[in-house]
Amino acid sequence: RKEVEQDPGPFNVPEGATVAFNCTYSNSASQSFFWYRQDCRKEPKLLMSVYSSGNEDGRFTAQLNRASQYISLLIRDSKLSDSATYLCVVSLNTGFQKLVFGTGTRLLVSP
Amino acid sequence: NAGVTQTPKFQVLKTGQSMTLQCAQDMNHNSMYWYRQDPGMGLRLIYYSASEGTTDKGEVPNGYNVSRLNKREFSLRLESAAPSQTSVYFCASSEALPGNSPLHFGNGTRLTVT
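So the protein sequences, as listed, match chains A and B.
Going by this note's numbering, 95 is the number at position 95 of the first sequence; the sequence numbering is gapless.
Convert by adding 1000 to the 1-based position in the second sequence; the result is the number in this note's numbering.
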């Protein structure tokens, strides 16, 4: 089983739609959680950290469910510019807090 | 600010050739990393440097060497390139431990080994 699993997509949604992605992780000792965004042929960039109580940043909401070992990302009112691959990243505390990257979920927002 | 700068952007090597990927950051970050990204796989850590003067192996270090030249620069060397090293390579840096502070990535190097 992969340490971090994501549905690769693509998720095709129209502008203005709400879309949600889930990511599951296998190590219950995981410490920190993040969503990174990667545009086509570009470098990943931090979108947001995921906190235990859930957190929101504008149109983006991240949730963590430790009991079921998954995190989610909700995007409201999708924009064309949201088209990208969203990487789920989990930090394991193995001395140097190893980061494990998911393979990403691709989102395509159409007019 | 330039952030993290990687060179070259593209490179084609023949099997057995060597090359060095250069990386520099201007954010005064302590930690630097080299990742590779392959289709269908998440980014995988090759080597990292927690602070100036230290380097450690990551998940996939075989076939690579690194040098933390100073606080700004962290280079990755392929001594004898193999087709399995065809990949996109990203350098990254962070102010503190990667679980506590965001990674800042360079633009990537697309390497093809024939």
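Even glycine gets a Cβ: it sits at the ideal position worked out from N, Cα and C.
On a predicted model such as this, the values are computed, not experimentally measured, just so you know.
Contact between the stretch 19-39 of chain A and the stretch 91-111 of chain A: three or more CB pairs below 8 angstroms? yes
Between the beta-carbon of F1090 (chain B) and the beta-carbon of Q1037 (chain B), is there less than 8 angstroms? yes
Short Cβ contact (8 angstroms threshold) for L80 (chain A) with E15 (chain A): yes
Taking F101 (chain A) as the reference, which of A:T85, A:D77 and A:N65 has the closest Cα? A:T85
Going by DSSP, what residues sit across from C23 (chain A) in a beta bridge? A:Q6 and A:I71
Can you tell me which of A:E3, A:S26, A:Y70 and A:K45 puts its alpha carbon nearest to the alpha carbon of G54 (chain A)? A:Y70
Any C-beta of chain B sitting closer than 8 angstroms to the C-beta of G102 (chain A)? yes
Beta-carbon proximity list for D1056 (chain B), same chain, < 8 angstroms, skipping 5 on both sides: Y1047, Y1048, S1049 and A1050
The stretch 44-70 of chain A: which residues have C-beta closer than 9 angstroms to a C-beta of chain B, in chain order? P44, K45, L46 and S49
How far does the beta strand (DSSP E) with V90 (chain A) in it reach, from first residue to last? A84 to L92
Going by the CB atoms, is the gap between A1081 (chain B) and G1003 (chain B) shorter than 8 angstroms? no
Use the C-beta contact count for K98 (chain A): other C-beta atoms within 10 angstroms, 16 or more gives buried, fewer gives exposed. buried
Can you tell me the Cα-Cα spacing of V1113 (chain B) and S1087 (chain B), whole angstroms? 9 angstroms
Cross-strand partners of V1113 (chain B) (DSSP beta bridge): B:L1013
Give the interface partners of N27 (chain A) over in chain B, defined as CB-CB distance under 7 angstroms, in chain order. Under the 7 angstroms cutoff, chain B gives no residues; its nearest Cβ is about 13 angstroms from N27 (chain A).
Please list the segments of the beta strand (DSSP E) lying wholly inside the stretch 1025-1069 of chain B, counting only runs of 3 or more residues, in order along the chain. 1031-1037, 1044-1049 and 1064-1068
As assigned by DSSP and simplified to three states, the class of P14 (chain A): strand
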